[in-house]
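Number of protein chains: 2
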Amino acid sequence: MENFTFYNPTKIEFGTNKEQLIGQHLAQFGVKKVLLCYGSERIKQDGLFTTITSQLNEHGIEFIEFGGIVSNPVLSKVREAIKLIKATPVEAILSVGGGSVLDSAKAIAAGAKHEGDVWDLFIGKAQIKSALPIFAMMTLAATGSEMNTTAVVTNQETKEKLFIADESLFPKVSIVNPELMQSVPKDYLVYSAADIIAHSIEGYFTATDQPHLQSRIVEAIINTVIETTEVLLSDSTNYNARAEFAWASTLALNGLTTAGTAGFNFPNHMIEHSLSALFNVPHGAGLSIIIPAWMKWHHSHNTDQFKRFAKQVFAVKTAEEGIVALENWFNKIGTPTRLSQLNITQKDLPLITDNVLNNAKIFGIYHIYTKEVVNTILQDAL
Amino acid sequence: MENFTFYNPTKIEFGTNKEQLIGQHLAQFGVKKVLLCYGSERIKQDGLFTTITSQLNEHGIEFIEFGGIVSNPVLSKVREAIKLIKATPVEAILSVGGGSVLDSAKAIAAGAKHEGDVWDLFIGKAQIKSALPIFAMMTLAATGSEMNTTAVVTNQETKEKLFIADESLFPKVSIVNPELMQSVPKDYLVYSAADIIAHSIEGYFTATDQPHLQSRIVEAIINTVIETTEVLLSDSTNYNARAEFAWASTLALNGLTTAGTAGFNFPNHMIEHSLSALFNVPHGAGLSIIIPAWMKWHHSHNTDQFKRFAKQVFAVKTAEEGIVALENWFNKIGTPTRLSQLNITQKDLPLITDNVLNNAKIFGIYHIYTKEVVNTILQDAL
């Protein structure tokens with residue numbers, strides 16, 4: 004078991020009506036003015052926007068609206084917000100949405116405290132020294148961003164999808180009300196399931212030191228995601244399934260599953276980020292395509308762990324059977340498993356490969372993910 | 004799934020040589036003078052005391068020594084420390100030892116900020132308003148106190164073993180170096196295993212709302228404790244087993260396993276506290292006696308969960324088989340399962356029952372744990 008530091012000070016307010024606490028929490032941190040980030044205008048139709056602004060008014064908190072943040076959030080939008088709050092300062096960032104809005108909020112929070120261009124923080128030209136306090140209200144469970152330090156943003160000009168991470172980016176408070184997630188469409192539900200499973204298995208399969216306890220916790224999360232996704236596909240109003248799905252999502256990437264593990268990396272995310280950056284595919288959809296192909300390439304490097312996965316998750320025996328079972332399950336729930344389902348074909352592979360190889364340098368695993376390896380995985384995913 | 008707030012800001016420094024960081028962490032909190040609490044003088048023989056005091060000296064931190072804290076820590080000692088630091092103020096409490104030292108340190112930290120008698124905080128006569136910052140260095144893994152808000156102390160005069168809990172009692176930093184636990188004697192290792200299992204199953208079996216994800220995490224912890232205890236009994240120097248045991252211990256009582264559950268209580272602890280208070284038995288030894296007897300009484304109230312436990316932990320089928328398997332396992336590792344093994348006999352039961360009934364009021368479950376029920380469980384444990 005590897006040495007580690009575990010520190011996660013985010014307060015999670017989980018459950019029904021918890022959105023009613025947002026004013027109180029902001030006020031406790033002495034916030035008088037906030038940038039209110041969100042995605043589509045849907046939150047104005049379903050009443051959530053009114054709930055939030057009433058809360059802010061009640062606690063005497065001013066706000067600047069900043070809507071229109073899209074999935075696979077883009078750098079241009081982050082820069083726009085930073086420019087806005089450098090002209091009209093706020094004391095905190097409030098994110099209302101899923102991981103894309105929250106990741107944008109984190110980048111805005113760090114960028115507001117940085118003198119140069121925010122992208123410098125992504126490409127390692129500058130370090131994050133501080134950030135505005137971040138508060139989150141989640142309307143989709145997938146990325147785990149509500150309880151971690153990470154944010155992923157796409158630079159549309161350079162076609163790079165890169166991340167930042169810093170302790171200052173832990174949200175102070177994250178509100179997770181599963182009822183607010185009930186209207187998530189089925190396609191985004193199954194993409195989210197793939198994303199949570201991806202967060203869970205990256206370390207599980209790639210770590211050079213993987214304690215059994217950590218493997219068991221990962222299996223607990225994956226089995227919960229599988230079980231609850233199936234319930235939600237047949238009954239989208241099932242609160243308990245929605246809630247377990249959401250909490251599994253948070254636990255999958257809050258540091259718990261990788262504490263004490265060593266040498267792990269994120270190859271599926273690394274490859275998928277190129278698909279998102281180049282073709283703007285939904286992140287989870289890209290992952291469910293890459294994962295089976297990556298597993299087929301990787302399993303011989305860590306056969307025992309793949310056998311363990313096969314047994315503990317799908318009650319089958321061999322590594323290969325486990326991989327097939329996961330691919331079949333992705334097909335069953337309706338998340339894609341082939342690039343062709345996203346209209347990506349053989350002719351696109353060189354462009355994707357080049358982009359992945361650039362990511363591999365940033366992920367520090369270019370010695371493993373050579374052009375040949377990446378091509379093998381992508382060919383298999385066609 | 005029940006609404007919950009999850010908040011745990013303790014920083015865990017886990018692994019080899021982490022004790023070398025204590026001076027740095029205290030200095031980061033601006034601490035200039037600390038009360039150094041410990042148990043036996045063993046830490047002076049094995050070099051740990053020197054390591055710590057060198058660290059303190061290096062960072063210009065003064066300290067007052069306060070040794071001699073015993074297992075089942077006592078109120079008189081807590082009062083003694085509070086008197087000492089009210090006369091000679093310190094800015095923080097540093098605990099070096101297991102749960103008994105840390106629980107004393109927490110009571111001292113709260114008592115130092117309280118104007119009246121510290122016991123008032125235990126019996127509900129007064130509320131904790133603040134506490135001195137607490138830092139912990141663990142030499143035994145069992146209680147989970149290193150990452151929670153709770154402290155348990157025995158009042159020898161009234162024969163009450165009671166607890167306090169408050170957010171101010173989260174240790175700021177807890178250092179968990181499994182190597183410092185290598186010298187724990189085998190009897191205390193197996194008592195600790197029983198204690199961790201007790202923390203895991205109390206909620207698991209008693210909750211009225213128990214999400215599957217939480218059950219799975221509990222099973223991950225219990226299976227890890229079983230596996231690593233067996234390894235350590237045959238090879239006490241196995242670092243990975245010691246480390247997984249320690250991390251399982253921390254996770255078993257840091258709020259993770261009960262998040263989203265409802266209506267749970269701690270009947271095994273409630274009954275055991277009476278054994279400790281009256282006969283000063285090791286807490287874990289008392290628990291391994293009470294648990295099988297309590298399970299035999301309780302299982303018909305929650306048969307499905309007992310069947311689940313039987314299957315997931317011992318790969319047997321019925322509730323009864325699961326209970327027998329756990330009792331057999333306790334016998335196998337050498338932690339007691341009968342009161343007679345601690346020389347407690349039939350004639351002692353009325354005294355124990357009275358004490359338990361007093362605890363039942365404080366635990367808020369006297370309507371379930373009537374005299375008859377408590378007597379049934381104790382008779383079965385003879």
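Protein sequences appear in the order of chains H and E. In terms of our numbering, the numbers along the first sequence are unbroken and rise by one, the last being 385. In terms of our numbering, the numbers along the second sequence are unbroken and rise by one, the last being 385. Just so it is clear, CB atoms sit at the ideal spot from N, CA and C, and this is done for glycine as well. Predicted, not measured: the structure shown is a model, and the values here were computed from it.
Using DSSP bridges, identify the partner residues of residue i.
i         : result
Ser203(H) : BP columns for Ser203(H) are empty, so no partner.
Val179(H) : Phe17(H), Met141(H)
Asp212(H) : Ala265(H)
Lys36(E)  : Glu65(E)
Ile167(E) : Ala154(E)
Gly100(E) : Met141(E)
Thr8(H)   : Glu16(E)
Tyr41(E)  : Val99(E)
Could you tell me which of the options sits nearest to residue i, measuring between CA atoms?
i         : options                                    : result
Ala139(H) : Leu216(H), Leu235(H), Lys21(H), Val228(H)  : Lys21(H)
Gln130(E) : Thr142(E), Gly114(E), Ala145(E)            : Gly114(E)
Leu342(H) : Tyr41(H), Val376(H), Thr356(H), Ile293(H)  : Ile293(H)
Ile274(H) : Val93(H), Ile96(H), Gly26(H), Ala384(H)    : Ala384(H)
Gly42(H)  : Glu65(H), Ser195(H), Val77(H), Ile224(H)   : Val77(H)
Ser279(E) : Asn358(E), Ile199(E), Gly101(E)            : Asn358(E)
Phe309(E) : Thr232(E), Val228(E), Val179(E), Glu205(E) : Glu205(E)
Lys109(H) : Lys86(H), Glu94(H), Val155(H)              : Val155(H)
Thr209(E) : Asn271(E), Ser291(E), Leu281(E), Ser186(E) : Asn271(E)
Thr264(E) : Ile225(E), Thr227(E), Gln217(E)            : Gln217(E)
Ser177(E) : Val121(E), Ala196(E), Asn158(E), Val104(E) : Val104(E)
Val228(H) : Thr240(H), Thr253(H), Tyr207(H)            : Thr253(H)
Tyr191(E) : Gly287(E), Ile225(E), Gly258(E)            : Gly287(E)
Met150(H) : Tyr10(H), Ala318(H), Gln159(H)             : Tyr10(H)
Hey, quick one: how far does the beta strand (DSSP E) through residue i stretch, first residue to last?
i         : result
Ile131(E) : It is not in any beta strand (DSSP E) - Ile131(E) carries neither H nor E in the DSSP assignment.
For residue i, count neighbouring Cβ atoms within 10 angstroms of its own Cβ and tell me buried if that reaches 16, exposed if not.
i         : result
Gln349(E) : exposed
Arg45(E)  : exposed
His370(H) : exposed
Gly127(H) : exposed
Asn60(E)  : exposed
Glu68(E)  : exposed
Lys320(H) : exposed
Glu163(H) : buried
His304(E) : exposed
Pro174(H) : buried
Gln213(H) : buried
Asp106(E) : buried
Gln31(E)  : exposed
Gly289(E) : buried
Pro339(H) : buried
Thr211(H) : exposed
Pro181(E) : buried
Lys89(H)  : exposed
Asp238(E) : exposed
Thr152(H) : buried
Ala168(E) : exposed
Lys86(H)  : exposed
If I follow the unbroken alpha helix (DSSP H) through residue i, where does it start and stop?
i         : result
Glu275(E) : 270-282
Gly287(E) : 286-301
Val376(H) : 374-384
Glu83(E)  : 78-90
Gly26(H)  : 25-31
Tyr242(H) : 242-254
Ala1(H)   : Outside the modelled stretch of chain H, which goes from 4 to 385, sits residue 1(H), for which no answer is possible.
Asn346(E) : No alpha helix (DSSP H) holds Asn346(E); DSSP gives it neither H nor E.
Ala313(H) : 306-317
Ile364(H) : Strictly speaking, residue 364(H) in this sequence is Lys, with Ile absent from that position. From DSSP, the alpha helix (DSSP H) with Lys364(H) extends over 352-366.
Leu124(E) : 122-125
Any beta carbon from chain C within less than 8 Å of residue i's own beta carbon?
i        : result
Gly70(H) : The structure shown contains no chain C; its protein chains are H and E.
Of the residues that make up the segment 190-209 of chain E, which ones have a beta carbon closer than 7 Å to any beta carbon in chain H? Answer in chain order: no residues at all.
Using a Cβ-Cβ cut-off of less than 9 Å, list which residues of the segment 139-151 of chain H approach chain E; keep chain order. Going along the segment 139-151 of chain H in chain order, one finds Met150 with a Cβ nearer than 9 Å to chain E.
Chain-ordered residues of the segment 310-321 of chain E with a beta carbon less than 8 Å from chain H: Those would be none; no residue qualifies.
Given a limit of 8 Å on CB to CB distance, which residues of the segment 212-229 of chain H reach chain E? Within the segment 212-229 of chain H, the qualifying residues are Pro214, His215, Leu216, Arg219, Ile220, Glu222, Ala223, Ile224, Asn226, Thr227.
Contact set between the segment 233-253 of chain H and chain E, restricted to residues whose Cβ is under 8 Å from the partner: So the list reads Tyr242, Asn243, Ala246, Glu247, Trp250, Ala251, given in the order they occur along the chain.
Chain H contacts made by the segment 6-20 of chain E, where a contact means CB separation under 9 Å: Within the segment 6-20 of chain E, the residues whose Cβ lies closer than 9 Å to some Cβ of chain H are Asn6, Phe7, Thr8, Phe9, Tyr10, Asn11, Pro12, Thr13, Lys14, Ile15, Glu16, Phe17, Gly18, Thr19, Asn20, listed in chain order.
Scan the segment 325-345 of chain E for residues whose Cβ lies nearer than 9 Å to a Cβ of chain H and list them as they occur along the chain. Residues passing the 9 Å Cβ filter: none.
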